[in-house]
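Numbered according to this note's numbering, the sequence shown terminates at residue 308, and the numbering increases by one at each position without gaps.
Backbone N, C-alpha and C fix where the C-beta goes; we use that ideal spot for every residue, glycine too.
Being a predicted model, the structure only gives us computed values, none of them experimental.
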Amino acid sequence: MKLRSISLTNIRRFAGQTATLDGIGDGITVLAEPNEFGKSTFFDALHALFFERHRSKAAAVKSLQPHSGATPEVAVEVDTKDGRFRLEKRWLGRASARVLDASGRIVAQDDEAEAWIDRLIDGGLSGPSGLLWVRQGLLGLEPEGSSAAERNERESLLATRRGLLSSVAGEIDMMTGGRRMDAVLARSAAELDRLATTQLRPKAGGEWHRAQAEVKA
92 MKLRSISLTN IRRFAGQTAT LDGIGDGITV LAEPNEFGKS TFFDALHALF FERHRSKAAA
152 VKSLQPHSGA TPEVAVEVDT KDGRFRLEKR WLGRASARVL DASGRIVAQD DEAEAWIDRL
212 IDGGLSGPSG LLWVRQGLLG LEPEGSSAAE RNERESLLAT RRGLLSSVAG EIDMMTGGRR
272 MDAVLARSAA ELDRLATTQL RPKAGGEWHR AQAEVKA
């Protein structure tokens with residue numbers, strides 16, 4: 092899955108308006124803006140779309156609602172192996188969830204849409220996506236609350252995340268020890284030597300040096 096755009100309507104400071112981040116390309120995307128610009132709002136809304144049910148009234152969902160009491164909505168466009176899709180969710184009041192294909196045809200709605208999204212992210216928070224999803228200021232992703240159901244879900248997710256972390260730790264140990272690591276370091280050193288001098292400056296005739304010359308020209 093590749094995220095291509097995010098649109099928020101009636102989310103926190105964006106009450107009565109729609110804010111969109113689009114043109115998201117491949118690779119790593121960094122959103123850099125001053126404090127209070129709305130970076131965390133976009134991230135929290137994205138988290139809610141993928142991990143909160145459209146009928147949920149949890150604190151994470153209620154925190155998205157603006158002071159005016161309007162209905163919060165989030166939509167994203169994603170590329171998958173089956174093409175481009177638009178995922179939409181609306182909470183509180185007129186709750187709904189929809190998945191649409193590139194032509195605008197509704198592929199799934201409400202509970203079927205939730206199941207479609209779960210398959211897309213491979214099991215929600217209990218799958219690999221839950222391990223990779225890190226929210227600002229939080230140490231975990233487990234649901235809040237003190238009810239028996241919430242405690243059971245929290246314990247289940249914690250156990251799953253520990254298992255995932257153990258698997259990742261094992262892979263890291265394999266990578267950072269022995270001949271495999273030596274080979275990686277040797278290859279990295281060779282690539283660096285091709286580009287830079289021992290003082291880490293562009294090597295004459297190298298790709299880095301030519302790139303600098305093109306920029307200056």
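How do the stretch 139-152 and the stretch 179-186 stand: do at least 3 beta-carbon pairs fall below 8 angstroms, yes or no? Yes, the stretch 139-152 is in contact with the stretch 179-186.
Our contact map puts G297 next to R285 with C-beta atoms below 8 angstroms; I'd like the distance itself, whole angstroms only. Walking along the sequence shown from the start, residue 297 turns up at place 206. Walking along the sequence shown from the start, residue 285 turns up at place 194. By a beta-carbon distance limit of 8 angstroms, G297 contacts R285. Their separation comes to about 6 angstroms.
Alpha carbon to alpha carbon, what distance is there between E168 and D35? Since the first and last residues shown for the chain are 92 and 308, residue 35 lies out of range.
If you drop the 5 nearest sequence neighbours on each side, which residues of the same chain put their C-beta closer than 7 angstroms to that of A313? The question about residue 313 has no answer, for the chain in this structure spans 92 to 308.
Distance check for G195 and R175, CA to CA, integer angstroms please. The sequence position of residue 175 within the sequence shown is 84, counting from 1. The sequence position of residue 195 within the sequence shown is 104, counting from 1. If you draw a straight line from the Cα of R175 to the Cα of G195, it comes to about 10 angstroms.
Same chain, Cβ closer than 6 angstroms to E331, five either side skipped, listed in chain order: For residue 331 there is no data in the structure shown, the boundaries of the chain being 92 and 308.
Work out the CA separation of A295 and W207 for me, nearest whole Å. Taking the sequence shown and counting its residues from 1, the one referred to as residue 207 is at position 116. Taking the sequence shown and counting its residues from 1, the one referred to as residue 295 is at position 204. The straight-line gap from Cα to Cα measures roughly 54 angstroms.
Compare the beta carbon distance of A313 and H145 with 8 angstroms and say whether it is the shorter of the two. No information on residue 313 is available, as it lies outside the stretch 92 to 308 that the chain covers here.
Spatial neighbours of D199 in its chain, beta-carbon cut-off 6 angstroms, leaving aside the 5 residues before and after: Here residue 199 corresponds to residue number 108 of the sequence shown, with the count starting at 1. Residue identity differs from the one stated: residue 199 is Ala in this sequence, not Asp. For A199, where only same-chain residues beyond five positions count, the Cβ hits under 6 angstroms are V190, W207.
Coarse secondary structure for L230, derived from DSSP in three states: Within the sequence shown, numbered from 1, the residue matching residue 230 stands at position 139. Confidence in L230 is poor, its pLDDT being 45 and thus under 50, which makes the residue's placement unreliable; the coordinate value appears in the next sentence. Here L230 sits in coil by DSSP.
Report yes if the C-beta distance between L99 and T132 is below 8 angstroms; otherwise report no. Walking along the sequence shown from the start, residue 99 turns up at place 8. Walking along the sequence shown from the start, residue 132 turns up at place 41. Yes, the pair counts as a contact, with Cβ atoms nearer than the cut-off.
According to DSSP, simplified to helix, strand and coil, what is Q156? For the purposes of this step, residue 156 is taken as the residue at position 65 of the sequence shown. Under the three-state reduction of DSSP output, Q156 falls in the coil class, being neither helix nor strand.
Under 8 angstroms Cβ to Cβ from K130, same chain only, skipping five residues before and after it: list those, please. To locate residue 130, count along the sequence shown from 1; it is residue 39. The answer, listed in chain order, is L122, E124.
Return the Cβ separation of I97 and T111 in integer angstroms, given the expectation that the two are a contact with Cβ distance under 8 angstroms. For the purposes of this step, residue 97 is taken as residue 6 along the sequence shown, with counting starting at 1. For the purposes of this step, residue 111 is taken as residue 20 along the sequence shown, with counting starting at 1. Contact holds; Cβ gap of about 7 angstroms.
Kindly indicate which three-state DSSP category T120 falls into: helix, strand or coil? As a working note, residue 120 is residue 29 in the sequence shown. It is coil, neither helix nor strand.
Could you give the DSSP three-state label for R285: helix, strand or coil? The count along the sequence shown starts at 1 and reaches residue 285 at position 194. DSSP places R285 in helix when its eight states are reduced to three.
Cα-Cα, which of A304, R270, D170 is closest to I115? For the purposes of this step, residue 115 is taken as residue 24 along the sequence shown, with counting starting at 1. Distance from the Cα of I115 is smallest, within the candidate group A304, R270, D170, for D170.
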